[in-house]
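Below is one structure; the comments refer to it alone.
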Amino acid sequence: MRLLPFRFEENTLWLLDQRRLPFEEVWVACRNAQETAQAIRAMVVRGAPAIGVTAAYGMVLAHLSGEPPAEADAALRQSRPTAVNLFYALERMKPHWGSLAASLQEAQAIWAEVESTEKAIGQHGAQVLRGQVLTHCNTGPLATGGYGTALGAIVEAYHQGRVRHVWVDETRPYLQGARLTAYELQKAGVPATLICDNMAAHLMAAKQVDAVIVGADRMALNGDFANKIGTYALAVLARHHGIPFYPALPLSTVDPRLETGAQIPIEERPAEEVTTLRGQPIAPPGFPAAHPAFDITPHPLITGIVTEKGVLYPPFDEALRRALGL
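Right, here's the structure in full:
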């Protein structure tokens, strides 16, 4: 049985509340675009491809609830600023603002494309993985609505006998690795071990990591990319230890308007997500905390970029432009 982060039934978008996994499986109902935007902002649903599909269905809900499409679109665009798939999906929906049937058909098409794209990403990504693989954050079906990007490649590589074990970064402060990636790998029957984020260097030095593969929320045309905070550190560590490092992403995650990663906006999330853990304080009351949700990994640290059109190699600016038809 595939894990899916959402379903659309009886004019309602149901979202699996990822804040409560793996301890509870609770579904949240969204009946209009405003509720959908709030669910994205609150991280009921997260992961760039899944956010894009959710936003598309949010525009369908705007039709059903009678919300002005421009207001619905604006609310959804403001929900999370870094993941480019959100804006990609909303641009796809724009020509269909005047028709409920056309909007629903386009949302369904976006979801179907996610699934077919990720099957290809998994096949291509599996070819560059071997042995013991380390991953960060969550890039499986819960983050995408399809088969997963980086995690899809890992699972495919395991089924092909290429990967024997996965190291799962807990991914502080939101613990997507501990709560979601571990949950997905357990369901998939893939051998894996959870580690604290600060253990990665030790494992690399001990030659227990053969490759690192992660997802991406937005990539510039030169290959710089934004991903969950902590990704940049892994790329630096992998380079120091001579370990291949790959982001896996659909080409829709590449923002053709951006020449470099310096132009990618970084979302700053509430300090409370750092100073508390599942609602329990872990820092002195009132103590300040920073929480940039993403960091930028510079393209010189990347071995290759796994996409639905194959694995792209340097020079990345030329390879990405060819793949995008620019």
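Residue numbering for the sequence shown follows my numbering, beginning at 1 and increasing consecutively.
Note that the Cβ used here is the ideal one computed from N, Cα and C, for glycine as well.
Q. What's the gap between the Cα of Asp210 and the Cα of Leu301?
A. 16 Å
Q | Span separating the alpha-carbon of Cys30 from that of Ala39 | A | 8 Å
(Q) Does the segment 123-134 come into contact with the segment 243-251, if we say contact requires no fewer than three beta-carbon pairs (one atom in each stretch) closer than 8 Å? (A) yes
Q: Could you tell me which uninterrupted alpha helix (DSSP H) segments, each at least 4 residues in length, are contained entirely in the segment 162-230, listed from first to last along the chain?
A: 182-188 and 200-205
**Q.** Chain-order list of residues whose beta-carbon lies under 8 Å from that of Met43 (same chain, five-residue window excluded)
**A.** Gln18, Arg19 and Tyr174
Q) Under the three-state reduction of DSSP, which class applies to Pro22: helix, strand or coil? A) Three-state result, Pro22: coil.
Q) Does DSSP put Ala29 in a helix, a strand or coil? A) strand
**Q.** First through last residue of the beta strand (DSSP E) which encompasses Ile266
**A.** Neither: Ile266 is in no beta strand (DSSP E) and is coded neither H nor E.
Q: Scan the segment 45-84 and note each continuous alpha helix (DSSP H) run of 4 residues or more that stays entirely inside, going in chain order.
A: Within the segment 45-84, complete alpha helix (DSSP H) segments of at least 4 residues are found at 48-65 and 69-77, given in chain order.
Q. Using the beta-carbon count (16 or more within 10 Å), is Ser252 buried or exposed?
A. buried
Q. Under the rule that 16 or more other beta-carbon atoms within 10 Å means buried, what is Arg322, buried or exposed?
A. exposed
**Q.** Best match in Asp169, Glu267 and Gly279 for proximity to Ala290 [C-alpha to C-alpha]
**A.** Glu267
Q) Going by beta carbon distance, what residues of the same chain come within less than 6 Å of Pro191, once the five residues before and after it are set aside? A) Closer than 6 Å at the Cβ level, and outside the excluded window around Pro191, lie His165.
Q | Limits of the alpha helix (DSSP H) - the one that Leu15 falls within | A | Element bounds for Leu15: not the alpha helix (DSSP H) but the beta strand (DSSP E), Thr12 to Leu16.
**Q.** Close-in-space but distant-in-sequence residues of the same chain around Ala188 (CB under 7 Å, 5 per side omitted)
**A.** Val155
Q. So which of His136, Gln78 and Met93 has the shortest CA-CA distance to Val168?
A. His136
Q: Could you tell me whether the Cβ atoms of Thr149 and Ile110 are closer together than 8 Å?
A: no
(Q) Here's the rule: buried if 16 or more other CB atoms are within 10 angstroms of the residue's CB, otherwise exposed. What is Ala235? (A) Ala235 should be labelled buried.
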